[in-house]
Amino acid sequence: MLTEFKLKPDSENEQFGSMQPMIILDNVAVKYRVPTERIGTFKEFAIRTLQRRVSYKSFWALNDVNLEIQKGEVFGLVGNNGAGKSTMLKVISRVLRPTKGRVRAFGKIAPLLELGAGFHPELTGRENIYLNGSLLGYSKEEMDRVFDEIVDFSELGTFIEAPIRSYSSGMHARLGFSVATAHLPEILILDEILSVGDEAFQHKCNDRMKRFRENGATIIMVSHGLSMVEEMCSRVAWLDHGVIQKIGDPLEVISAYRGAN
Amino acid sequence: MASNTKPVYDSASYRVPAASELKELGKYRYLLRQLIRRDILTRYKRSVLGVAWTMLNPLGTMLILSLVFSNLFNAEGSYPVYILSGILAWNFFAQGTNAAMSGLMWGSGLMKQIYVPRTIFGVSAIGTALVNQLLSLVPLFIVILTTRSPLFVTLFFLPVPIILLAFFTLGIGLILSTLSTYFPDVSEMYQILLTAWMYLTPIIYPETIIPENLIRVFRFNPMYHMVKMFRLSVYEGRLPLMTEFLPALGWAVGMLVLGWIFFTSKSDEYAYRI
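Going down the list, the sequences are from chains A and B. Read in my numbering, the first sequence has 247 at position 243, and its numbers run on one by one without any break. Read in my numbering, the second sequence has 59 at position 57, and its numbers run on one by one without any break.
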């Protein structure tokens, strides 16, 4: 195992001393199989199957991707729409299973949910914190431990006992972010969602990200904001048509990506 | 390097989806509890009487049906008890299967973003139905007492038919939710089927009006056995014979295993199907 890692020199990781892979993708490929026409009803499907007229179009959203992400890295993914960035995140966070190849994660994965996903409008902020926490895979005890901090960080005050249908969208967003980042994640996955709330709250979010990084969390992010990727990431991969075109230093990869467009 | 040799997640270790799903579901017990709690709390959140509606609803239906049909059908014993026990068993099935379908639809937004065991939406739907069922046993006892019907010792056997019914309902619910991810029309079609199915099951009419030569056909209906199990312990007050128990057990376990395997074999596709 050790020699295998040495075969892949990676200057970005020397600062972390010993390399410790957190995510390994071996020849990962994901195939989507979609019917070329939308078949909405049973009747249609039955008739067409009999006539052998159900045609499927399949394409590879990821094709033979090999990748290792080390502990403590802030890893960025860039690429055009449909390049496979989100598919890559999904395959890492277990939402999709690879059609081929093998994905391994050596730590607990915490994805940031889209704002408001998993909340129930009729339940109070308090009840939603526990519901959302359980969706992210935490136990009651784990949520008890961070509850006060969540309330504090989200700046909701007494609103925490009100049903969240009465919340403003900013309050909604702050609560979601606070729950998702309440525990120090081993692997944090960010898909285009770092623009939460007003400027002051943005600042708090960035501080929290920094703290995660200092505490050795591994962060994987996708963003169209290239300057942000350049600023935050220690390593970047450029994806195109499901294939890694270039991987390495953020400056180099991003300028290559810019040059290609 | 030495510390982290065993991955937390390894896509290669999920070769038998039906078995690993069961393990995953165990890990997400707390989410299961939270989902059931949410469904119970929010169902009647805005109504004044709240959870009491779980009990009032079948009671109301029973009253109407008793008024309309009690002279038509001469049931032995108390017709209100007969009909209410049938309605409770049927409602459990109808609501449980529908909730399993809509639960998966609701969960689809989440499943595109995070990993949760996919069966959790179906299982929590049945869990919610079970809690509702326990609540609606209260009006059943009230009706038994007010109509001066006997309270049988066999009531202690009631958990068995309820568990069998829950298994059967979950099995059907999983099959339907799998189908409805491929064909959105399934849900609508199922509502019609449910109505027909209900009239083909002795819920409101006594079993005695079924013609002798048709009773064999009725026995092909799994819900016939489920409702019968339920009624034996509350209405007739006797334990089932082996010939009555085995078909119910077979349907319940068989349908659960079938539904579980069918659902989990397709569940990797849900994230981009719905």
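Glycine included, each C-beta is placed from N, C-alpha and C at the ideal position. Note that the structure is predicted; figures quoted are calculated from it, not measured.
Is residue i close to chain B? Criterion is C-beta to C-beta, closer than 9 Å.
{"i": "K10 (chain A)", "result": "Because the pLDDT of K10 (chain A) is 37, which lies under 50, any placement of that residue in the model is unreliable, and the question is left without a value."}
{"i": "L243 (chain A)", "result": "no"}
{"i": "S182 (chain A)", "result": "no"}
{"i": "S143 (chain A)", "result": "yes"}
{"i": "I164 (chain A)", "result": "no"}
{"i": "A109 (chain A)", "result": "yes"}
{"i": "H176 (chain A)", "result": "no"}
{"i": "E18 (chain A)", "result": "At E18 (chain A), the pLDDT of 44 sits below 50, so the modelled position is not reliable; the number obtained from the coordinates is stated separately. So no, E18 (chain A) is outside the interface."}
{"i": "Y60 (chain A)", "result": "no"}
{"i": "G122 (chain A)", "result": "yes"}
{"i": "F79 (chain A)", "result": "no"}
{"i": "E72 (chain A)", "result": "no"}
{"i": "G129 (chain A)", "result": "no"}
{"i": "V226 (chain A)", "result": "no"}
{"i": "G105 (chain A)", "result": "yes"}
{"i": "F49 (chain A)", "result": "yes"}
{"i": "S138 (chain A)", "result": "yes"}
By a C-beta neighbour count over all protein chains shown, 10 Å radius and 16 as the cutoff for buried, is residue i buried or exposed?
{"i": "W253 (chain B)", "result": "buried"}
{"i": "A4 (chain A)", "result": "Chain A is shown from 5 up to 265; residue 4 (chain A) falls before or after that span and cannot be answered."}
{"i": "K230 (chain B)", "result": "buried"}
{"i": "T148 (chain B)", "result": "exposed"}
{"i": "I1 (chain A)", "result": "As shown, chain A starts at 5 and ends at 265. That puts residue 1 (chain A) outside it, with no answer to give."}
{"i": "L75 (chain A)", "result": "The sequence given here has Lys at residue 75 (chain A), not Leu. Answer is buried; the Cβ neighbour count reaches 16."}
{"i": "V183 (chain A)", "result": "buried"}
{"i": "T7 (chain A)", "result": "Residue placement at T7 (chain A) is poorly supported in this model, since its pLDDT is 36, which falls under 50; the coordinates are not used for a value here."}
{"i": "A264 (chain A)", "result": "exposed"}
{"i": "Q24 (chain A)", "result": "buried"}
{"i": "I217 (chain B)", "result": "exposed"}
{"i": "V95 (chain A)", "result": "buried"}
{"i": "L93 (chain A)", "result": "buried"}
{"i": "K89 (chain A)", "result": "buried"}
{"i": "S15 (chain B)", "result": "exposed"}
Could one say the Cβ of residue i lies closer than 9 Å to chain A's Cβ atoms, at least one of them?
{"i": "P9 (chain B)", "result": "yes"}
{"i": "G113 (chain B)", "result": "Note that residue 113 (chain B) is Met in the sequence shown here, rather than Gly. Yes, M113 (chain B) counts as interfacial toward chain A."}
{"i": "F185 (chain B)", "result": "yes"}
{"i": "Q36 (chain B)", "result": "yes"}
{"i": "K29 (chain B)", "result": "yes"}
{"i": "V229 (chain B)", "result": "no"}
{"i": "A14 (chain B)", "result": "yes"}
{"i": "R48 (chain B)", "result": "yes"}
{"i": "T149 (chain B)", "result": "no"}
{"i": "S5 (chain B)", "result": "In this predicted model, S5 (chain B) has a pLDDT of only 46, less than 50, meaning its place in the structure is not dependable enough to derive any value."}
{"i": "R221 (chain B)", "result": "no"}
{"i": "V118 (chain B)", "result": "yes"}
Could you please give the first and the last residue of the uninterrupted beta strand (DSSP E) stretch that includes residue i?
{"i": "Y60 (chain A)", "result": "60-74"}
{"i": "D152 (chain A)", "result": "First-last for D152 (chain A): 144-158, but that is the alpha helix (DSSP H), not the beta strand (DSSP E)."}
{"i": "D187 (chain B)", "result": "That residue, D187 (chain B), is in no beta strand (DSSP E); it is neither H nor E in DSSP."}
{"i": "D270 (chain B)", "result": "That residue, D270 (chain B), is in no beta strand (DSSP E); it is neither H nor E in DSSP."}
{"i": "F79 (chain A)", "result": "78-82"}
Quick one, are the C-beta atoms of residue i and residue j less than 9 Å apart?
{"i": "G80 (chain A)", "j": "C209 (chain A)", "result": "no"}
{"i": "S80 (chain B)", "j": "V145 (chain B)", "result": "yes"}
{"i": "G124 (chain B)", "j": "A102 (chain B)", "result": "yes"}
{"i": "G109 (chain B)", "j": "L176 (chain B)", "result": "no"}
{"i": "F94 (chain B)", "j": "Q36 (chain B)", "result": "no"}
{"i": "I28 (chain A)", "j": "L71 (chain A)", "result": "yes"}
{"i": "P224 (chain B)", "j": "I212 (chain B)", "result": "no"}
{"i": "D270 (chain B)", "j": "R101 (chain A)", "result": "yes"}
{"i": "L33 (chain B)", "j": "G141 (chain A)", "result": "yes"}
{"i": "G129 (chain A)", "j": "E159 (chain A)", "result": "no"}
{"i": "Y274 (chain B)", "j": "Y36 (chain A)", "result": "yes"}
{"i": "P125 (chain A)", "j": "I116 (chain B)", "result": "no"}
{"i": "F157 (chain A)", "j": "A177 (chain A)", "result": "no"}
{"i": "E140 (chain B)", "j": "M64 (chain B)", "result": "The amino acid occupying residue 140 (chain B) in the given sequence is Val; Glu does not appear at that position. No, the pair does not count as a contact, with Cβ atoms beyond the cut-off."}
{"i": "F271 (chain A)", "j": "G174 (chain A)", "result": "Since the first residue of chain A shown is 5 and the last is 265, residue 271 (chain A) is not available in this structure."}
{"i": "V78 (chain A)", "j": "I248 (chain A)", "result": "no"}
{"i": "Y2 (chain B)", "j": "F71 (chain B)", "result": "It is not possible to answer for residue 2 (chain B), since the shown part of chain B is limited to 3 through 276."}
{"i": "M225 (chain A)", "j": "D195 (chain A)", "result": "yes"}
{"i": "I122 (chain B)", "j": "L27 (chain B)", "result": "yes"}
In this structure, what does DSSP give as the bridge partners for residue i?
{"i": "G252 (chain A)", "result": "A:V240"}
{"i": "L65 (chain B)", "result": "DSSP output for L65 (chain B) lists no bridge partner at all."}
{"i": "D41 (chain B)", "result": "Looking at the DSSP assignment, D41 (chain B) forms no beta bridge with any residue, so it has no partner."}
{"i": "M225 (chain A)", "result": "A:G80, A:L194"}
{"i": "L2 (chain A)", "result": "In the structure as shown, chain A begins at 5 and stops at 265. Residue 2 (chain A) is therefore absent and cannot be evaluated."}
{"i": "I113 (chain A)", "result": "A:I191"}
{"i": "Y11 (chain B)", "result": "A:A109"}
{"i": "R37 (chain A)", "result": "A:S62"}
So the alpha helix (DSSP H) residue i belongs to, where does it begin and stop?
{"i": "R217 (chain A)", "result": "203-218"}
{"i": "M113 (chain B)", "result": "81-113"}
{"i": "A221 (chain A)", "result": "Counting along the chain, A221 (chain A) falls outside any alpha helix (DSSP H), and DSSP gives it neither H nor E."}
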